[in-house]
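Engineer: Below are the structure tokens for one structure; questions will follow.
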Amino acid sequence: MPDLLQVTGVSKQYVSVKAVDNLSFNVKQGEIFALLGPNGAGKSSLVRMLVGFTYPDSGAIAVNIDGQAHQSIPHQSLGYLPEDRGLYAEKTVQQNLLYFAKLRGVEKNAALVQIESWLTQFDLSDRAHERLKSLSKGNQQKVQLISAVLHNPKVVLLDEPFSGLDPINQEKVVVFLEALKAQGMTVILSAHQMAMVEKLADRMLLMNHGQAVLYGTLAEIKQDVGVGIDITVSFSEATNYAELNLGNYRVACTQLSQNKIKFELSNSSELNLLLADLSKSTTLQGIETKTMDLHQLYLKAIESHQGKVQSQESAHVL
Numbered sequence: 001m002p003d004l005l006q007v008t009g010v011s012k013q014y015v016s017v018k019a020v021d022n023l024s025f026n027v028k029q030g031e032i033f034a035l036l037g038p039n040g041a042g043k044s045s046l047v048r049m050l051v052g053f054t055y056p057d058s059g060a061i062a063v064n065i066d067g068q069a070h071q072s073i074p075h076q077s078l079g080y081l082p083e084d085r086g087l088y089a090e091k092t093v094q095q096n097l098l099y100f101a102k103l104r105g106v107e108k109n110a111a112l113v114q115i116e117s118w119l120t121q122f123d124l125s126d127r128a129h130e131r132l133k134s135l136s137k138g139n140q141q142k143v144q145l146i147s148a149v150l151h152n153p154k155v156v157l158l159d160e161p162f163s164g165l166d167p168i169n170q171e172k173v174v175v176f177l178e179a180l181k182a183q184g185m186t187v188i189l190s191a192h193q194m195a196m197v198e199k200l201a202d203r204m205l206l207m208n209h210g211q212a213v214l215y216g217t218l219a220e221i222k223q224d225v226g227v228g229i230d231i232t233v234s235f236s237e238a239t240n241y242a243e244l245n246l247g248n249y250r251v252a253c254t255q256l257s258q259n260k261i262k263f264e265l266s267n268s269s270e271l272n273l274l275l276a277d278l279s280k281s282t283t284l285q286g287i288e289t290k291t292m293d294l295h296q297l298y299l300k301a302i303e304s305h306q307g308k309v310q311s312q313e314s315a316h317v318l
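The sequence shown begins at 1 in the UniProt record's numbering and counts up one residue at a time.
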């Protein structure tokens with residue numbers, strides 16, 4: 001897929017705070033791309049530059065829409081769900097959506113067809129003529145999501161699309177975003193729900209202190225981090241690690257019970273060798289393997305980067 005967005009060496013300074021620090025990444029056309037990071041990581045500052053609200057102090061942003069070059073995502077090509085929602089509580093669901101469709105230049109009859117389709121998908125078709133304020137926070141969130149895509153934008157930028165939703169409705173948003181991708185839209189989302197991101201995102205960028213900490217597909221990130229594997233092994237009788245006569249692996253062992261041992265491999269490349277050695281045991285009963293999920297990767301990477309930043313700050317003071 002060609003690049004829709006290319007960010008090269010972008011920095012943004014606010015007085016004494018460097019919100020974005022020499023950041024480079026790309027977003028491919030038609031993919032779901034996740035922007036991750038703790039509060040204050042620089043995500044909002046980056047988004048403001050992507051949509052043209054502010055401009056980089058240095059570096060470049062290049063956007064390619066239908067062969068046309070831009071320095072930010074064009075307004076007419078953008079569907080945007082901001083952090084601060086902007087619906088009208090006294091108006092009905094349909095009135096809200098028709099208003100936003102009109103702002104985007106969508107003809108009324110075409111908008112009504114789109115509205116009915118999306119409301120049906122979100123189980124809200126029977127509430128189209130109710131005032132927005134009568135809906136739960138989660139249902140209002142779904143209306144806001146619909147308002148961002150009624151004009152069939154090329155790029156959809158969503159800030160916390162899962163906020164305020166229960167697990168069932170989070171899954172509906174997953175289906176919604178997959179439908180946008182299937183229609184050829186490029187989706188850029190910022191979220192703290194790592195399980196949803198892991199399920200959805202083709203690629204991701206993890207930021208901290210304005211810098212790129214991790215970047216790529218989940219598989220690429222795991223490879224870069226050097227993710228280990230936890231292996232829990234059960235035996236039919238009491239067994240300890242010393243009795244297994246295993247090779248020289250980079251592994252930490254924990255005796256969970258008389259017949260159960262947990263191995264923590266620091267290098268996943270040794271997994272097959274370890275499993276082959278374990279399989280030689282005549283009392284082997286079962287093996288369970290578990291790798292780090294995105295949530296665990298996120299915590300590990302942020303903790304590591306935080307330590308580096310603090311070391312740099314201490315060195316600078318000295």
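Note that CB positions come from ideal geometry on N, CA and C, so glycine has one too.
(1) Report, in whole angstroms, the separation of the C-beta atoms of residue 142 and residue 124, which I expect to be a contact under 8 Å.
(2) Would you identify the three-state DSSP class for residue 187, choosing helix, strand or coil?
(3) Examine the Cβ distances between the region 191-207 and the region 24-44 and report whether three or more of them are shorter than 8 Å.
(4) Between the Cα of residue 321 and those of 98, 102, 229, spot the shortest distance and give me the residue it belongs to.
(5) Does the beta-carbon of residue 308 have 16 or more other beta-carbons within 10 angstroms, so that it is buried, or is it exposed?
(6) Hey, could you find the ends of the beta strand (DSSP E) residue 288 is sitting in?
(7) What three-state label does DSSP hand residue 201 in the structure shown?
(8) Give a yes or no on contact between the region 282-290 and the region 190-198, applying the rule of three or more CB pairs nearer than 8 Å.
(9) Return the CA-CA distance between residue 332 and residue 165, expressed in angstroms with no decimal places.
(10) Looking only at its chain, what residues have a beta carbon closer than 8 Å to the beta carbon of residue 23, apart from the 5 residues adjacent to it on each side?
(11) Would you decide whether residue 321 is buried or exposed? Buried here means 16 or more other CB atoms lie within 10 Å of its CB.
(12) Indicate whether residue 262 and residue 230 have their beta-carbon atoms separated by less than 8 Å.
(13) Cβ atoms of residue 38 and residue 221: under 8 Å apart, would you say?
(14) From 257, 154, 252, 225, pick the residue whose C-alpha is nearest to that of residue 237; which is it?
(15) Since residue 216 sits in a beta bridge, which residues does DSSP pair it with?
(16) Locate the beta strand (DSSP E) running through residue 159, then write down its first and last residues.
(17) Check each candidate in 150, 71, 74 and name the one with the smallest Cα separation from residue 106.
(18) What does DSSP give as the partner residues of residue 18 in its beta bridges?
(19) Please confirm whether residue 87 and residue 72 have their CB atoms less than 8 Å apart.
Structural biologist: Straight from the coordinates:
(1) The C-beta distance from residue 142 to residue 124 rounds to 6 Å, short enough to fall under 8 Å.
(2) strand
(3) yes
(4) Residue coverage of the chain in this structure runs from 1 to 318, which leaves residue 321 outside it and unanswerable.
(5) exposed
(6) 284-291
(7) coil
(8) no
(9) With the chain running from 1 to 318 in the structure shown, residue 332 is simply not present.
(10) 7, 9, 10, 11, 42, 46, 59, 207, 210, 211, 212
(11) As shown, the chain starts at 1 and ends at 318. That puts residue 321 outside it, with no answer to give.
(12) yes
(13) no
(14) 257
(15) 204
(16) Residue 159 -> beta strand (DSSP E) spans 155-159.
(17) 150
(18) Residue pairing by DSSP places residue 18 opposite 13 in a beta bridge.
(19) no
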